[in-house]
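Chains as they are written, first to last, in our numbering: chain Y, 1 to 368; chain B, 1 to 150; chain X, 1 to 201.
For glycine and all other residues, C-beta sits at the position ideal for the given N, C-alpha and C.
Only a predicted model underlies this, so the values are computations on that prediction, with no experimental measurement involved.
Inspection log for the structure reproduced underneath, given as structure tokens.
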Amino acid sequence: MYVAVKGGERAIENAHKLLAEKRRGNPDIPEIKTDQIREQLTLSVSRVMAEGSLYDPDLASLAIKQARGDLIEAVFLMRAYRTTLPRFGYSLPIDTGTMQISRRISATYKDLPGGQVLGPTFDYTHRLLDFTLTANGEEPLEAESSSEGVDNTMPRVLDDLLNHEGLIQQEERVSDESHEPVGDLTRQPLEFPADRDIRLQNLSRGDEGFILSLGYSTQRGYARNHAFVGEIRYGSVDVEIAPEELDFPIHLGEIDITECENVNQFKGSKTAPPQFTRGYGLTFGQNERKAIAMALVDRALRDKEMGEEVTSPAQDEEFVLSHSDNIEATGFVEHIKLPHYVDFQSELELVRKMRREQAEQHPQRAAE
Amino acid sequence: MAEAALTADQALRKQRMESLARSSKQELEPFWKEHGQDLPYSYLREPEIGLVMVRGRAGGTGQRFNLGEMTVTRCSVRLSDGTVGHGYVKGRDKRHAELAALFDARFVQDDSTAGFLDILNNRRKAERDNQSAKAAATKVDFYTMVRGED
Amino acid sequence: MDLGPLTAPLSGLENPAFASNRIFRDVLEALSRPGTVVPAPENLETPGKLNRAATGFLLALADMETPVWLSPDIRDIQTEKHLKFHTGCPVVDQCGQAVFAVADARTSNFDFLNSLAVGNPEMPHQSATLLIMIDGFTGPAALTLTGPGIHSKAVLAPDPIPDALIQWAQANQRLFPCGVDLIFAATSSLAALPRTTRIEV
Chain Y
1 MYVAVKGGER AIENAHKLLA EKRRGNPDIP EIKTDQIREQ LTLSVSRVMA EGSLYDPDLA
61 SLAIKQARGD LIEAVFLMRA YRTTLPRFGY SLPIDTGTMQ ISRRISATYK DLPGGQVLGP
121 TFDYTHRLLD FTLTANGEEP LEAESSSEGV DNTMPRVLDD LLNHEGLIQQ EERVSDESHE
181 PVGDLTRQPL EFPADRDIRL QNLSRGDEGF ILSLGYSTQR GYARNHAFVG EIRYGSVDVE
241 IAPEELDFPI HLGEIDITEC ENVNQFKGSK TAPPQFTRGY GLTFGQNERK AIAMALVDRA
301 LRDKEMGEEV TSPAQDEEFV LSHSDNIEAT GFVEHIKLPH YVDFQSELEL VRKMRREQAE
361 QHPQRAAE
Chain B
1 MAEAALTADQ ALRKQRMESL ARSSKQELEP FWKEHGQDLP YSYLREPEIG LVMVRGRAGG
61 TGQRFNLGEM TVTRCSVRLS DGTVGHGYVK GRDKRHAELA ALFDARFVQD DSTAGFLDIL
121 NNRRKAERDN QSAKAAATKV DFYTMVRGED
Chain X
1 MDLGPLTAPL SGLENPAFAS NRIFRDVLEA LSRPGTVVPA PENLETPGKL NRAATGFLLA
61 LADMETPVWL SPDIRDIQTE KHLKFHTGCP VVDQCGQAVF AVADARTSNF DFLNSLAVGN
121 PEMPHQSATL LIMIDGFTGP AALTLTGPGI HSKAVLAPDP IPDALIQWAQ ANQRLFPCGV
181 DLIFAATSSL AALPRTTRIE V
């Protein structure tokens, strides 16, 4: 039961003023600008865009600043903002095969056409704190350039390389012009069983920590999936839409995305032959950890399709999809701190009453 | 893709709209001063910020799914002779969308005004090449260590 | 180019955010106080056979998720393109799929009325809103209205008012909580008969 309680207005107003002061911190230190966040905390911006399910680096930077760096609060701000805007339409499916590549690696083939392009990665760093960043600040550094660029037409590992032996599960191709509906969580509530389109949308906007832990659980044996990263790509892709008033699709701009394709060994089942199966991860911005974990969980959730027995949390779509959204989760978890005075009074009454009744029925125990 | 079916006019218009979308307000404004400064026009659809749901494909090539939204600004204008122009740009810059729509119409009126797009296209290409060359410098050159007797 | 002179799009609402808010507020007023006549937007370009009140209503309230059905006598390419261009709404062939259905009191055939969505007891909001275009509210026969939002009784005289429509509207009222909400769109004004309003001739 919820009862409106009045009287806290002044306290709330002052709490918000205090919050603003704390957000600003020591005024002797220069204020952080949103473009500094956009340019220098890029991976936070990526995460807020991915989980906010809204691609706009400037807005994400503002959200991070306003939220004092609390990324889930920033995601909340993004989700709230998007509800104020009209929807113009759906894009044509992006083609990650034509990505302008910043990074592309494969764990399954060493020498592959296009090569292993490491790009801007923390891999192979020593994870030692670099105190010169504190002492001297960042020194502007121009990265090395090669005389030739990356070949952006490089093949896809799963489709173009593994597929020629027919050893990998096929993805069902649907035409760009198809009128078959595509599930959309921002329009219809989540229902079970959920098709793969809904699952992928849910995972892509799901909480990184939650997806990471679930992905980890599948590797430790809670779903018996041994995965390899077939290919990771990070870079920018073009987005196109086909507006009502024009007879052709037009370019909107490019967005940065991270894509991960996993391959899993599969012994076969009643319905499928032994082959490699696939898990897919795709997120806004540069977010490799999330993309890999998403691909692990996507594969685990394909259990029904593969005729596998459901034994683990990561395979249980109701468990996974219902708990992946950090805005829903934080709303429900945190709401218990809000006034429940009347609820609690009635609980108090109830416990007192039960004790009285017990005392009447068992006077000896009460006396002890 | 339906692109194969485009007429030459449509293909050219699509290409030019893309160049406009890839540019910025700051880049376009001086060219508008040069090519359309005092042209009267009205809005068919005022500059408006909205969302486009970006779609991906499972496995990169399979079933379509909704990845997430992006902010987009659009505008449609009508020049005084009735020529209509449409602008769609990523982000939330209303003037950018308006300039894109104005140029889209202006190019129909006078094809020769589109020459400046080469400058923008070359800039974009230089930026992309620069990024790509830096990524290429991180490509691994595997070599095998030779061991044993010589 | 792709848009010939016959189907060249017209302008939409000026200052769309404020204008559509204004229209929404007026429609809300009309629905909350059945029989009240509210103004339609001035200076609005109207496509095909749509009048100003109907155009303003649709530009303000239709969007990608509200299928619109136009009675065949008022449906043409220009109207369809105009609505799609400004609101993104789908224009559907089956009136049963419509969230907004539009017809003209003078020219439309009213056989479609019983095919409109009326919702169901669990989801009574999944029903259509019907716009009937009329000339004005100074007709010869006045309807007497009673029900929620009306102090004792109200009078409304849509001109013209087909008999088929009145009979249907009276039956519609008995479906409550299901049923269709009816809007009369005159050229420069608008009034509403929500499903809760009892109508006597």
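Item                                                                                                                                                                                       : Value
When Cβ atoms are compared, which residues of the segment 61-81 of chain X fall closer than 9 Å to chain Y?                                                                                : D63, M64, E65, K81
Tell me which residue opens and which closes the alpha helix (DSSP H) that Y:Q40 is part of.                                                                                               : 34-40
What are the boundary residues of the alpha helix (DSSP H) that includes B:F31?                                                                                                            : 25-35
Give, in chain order, every residue of the segment 37-63 of chain B whose Cβ lies closer than 8 Å to some Cβ of chain X.                                                                   : S42, Y43, L44, R45, E46, E48
How would you write the range of the beta strand (DSSP E) that X:T146 sits in, first residue to last?                                                                                      : 143-146
Does the separation of the CB atoms of B:T71 and Y:L59 fall below 8 Å?                                                                                                                     : yes
Kindly examine the ligand COA and report whether one of its heavy atoms sits closer than 7 Å to the Cβ of X:P121.                                                                          : What this structure holds is no ligand at all, so the ligand COA is not there to describe.
Taking 8 Å as the threshold (beta carbon to beta carbon), is Y:L85 in contact with chain B?                                                                                                : yes
Quick one: Cα of B:K139 to Cα of Y:E254, how far?                                                                                                                                          : 24 Å
In the DSSP assignment, what residue or residues form a beta bridge with B:R55?                                                                                                            : Y:P93, B:N66
Just reading off the beta strand (DSSP E) that X:F184 is part of, what are its end residues?                                                                                               : 181-185
Are the segment 100-119 of chain Y and the segment 143-154 of chain Y touching by the rule of at least three beta carbon pairs closer than 8 Å?                                            : yes
Measuring only between beta-carbons, confirm whether B:Y88 sits less than 8 Å from chain Y.                                                                                                : yes
Verify the CB distance criterion: does B:M1 have a CB-CB separation below 8 Å to chain Y?                                                                                                  : The predicted position of B:M1 is uncertain, since its pLDDT is 42 and thus under 50; a value taken from the coordinates is nonetheless stated next. Chain Y, which has a Cβ nearer than 8 Å to the Cβ of B:M1, makes this yes.
Which of helix, strand or coil does DSSP assign to X:H86?                                                                                                                                  : helix
What are the boundary residues of the beta strand (DSSP E) that Y:H251 is part of?                                                                                                         : 250-266
Tell whether a beta-carbon distance below 8 Å holds between Y:A107 and Y:F228.                                                                                                             : yes
Strictly by DSSP, which residues pair up with Y:E240?                                                                                                                                      : Y:H251
I need the straight-line Cα distance from X:Q173 to X:L156, nearest angstrom please.                                                                                                       : 17 Å
Have a look at Y:Q116 and B:A135 and give me their C-alpha separation to the nearest angstrom.                                                                                             : 10 Å
Anything in chain B within Cβ reach of X:S11, meaning under 7 Å, just list it in chain order.                                                                                              : S42, Y43, L44
So Y:T370 and Y:N264 are supposed to be a Cβ contact under 8 Å. How far apart are they, rounded?                                                                                           : With chain Y represented from 1 up to 368, any question about residue 370 of chain Y goes unanswered, as that position is not in the structure.
From the DSSP output, in three-state form, read off Y:Y124 for me.                                                                                                                         : coil
For B:E3 and Y:V239, I'd like the C-alpha separation in whole angstroms.                                                                                                                   : In this prediction, B:E3 has a pLDDT of 47, which is less than 50 and means its spatial position is unreliable; what the coordinates show is noted afterwards. Each residue's alpha carbon lies about 14 Å from the other.
State buried or exposed for Y:N262, treating a residue as buried only when at least 16 other CB atoms are found within 10 Å of its CB.                                                     : buried
Fully enclosed by the segment 186-244 of chain Y, which beta strand (DSSP E) runs are 3 residues long or longer?                                                                           : 227-241
Taking C-beta to C-beta, are X:G179 and X:S127 nearer than 8 Å?                                                                                                                            : yes
Assess, as a yes-or-no matter, whether the segment 78-88 of chain Y is touched by the segment 132-147 of chain Y under the definition of 3 or more beta carbon pairs within less than 8 Å. : no
8 Å is my cut-off, CB to CB: does Y:E245 come that close to chain X?                                                                                                                       : yes
Just verifying my parser: in three-state terms, what is the DSSP assignment at X:A117?                                                                                                     : coil
Would you report the Cα separation of Y:H16 and Y:Y341, rounded to the nearest angstrom?                                                                                                   : 23 Å
Compare the C-beta of Y:G183 with all C-beta atoms of chain X and state if any pair is closer than 8 Å.                                                                                    : no
Figure out for me which residue from Y:P274, Y:V174, Y:E318 has the closest Cα to the Cα of Y:P93.                                                                                         : Y:V174
Run through chain X and tell me which residues come within less than 9 Å of B:V77, C-beta to C-beta.                                                                                       : Those within 9 Å of B:V77 in chain X number zero; the least Cβ separation is about 10 Å.
Here's a check: name, in chain order, each residue in its chain whose Cβ is nearer than 7 Å to the Cβ of B:A58, leaving out the five neighbours to either side.                            : F65
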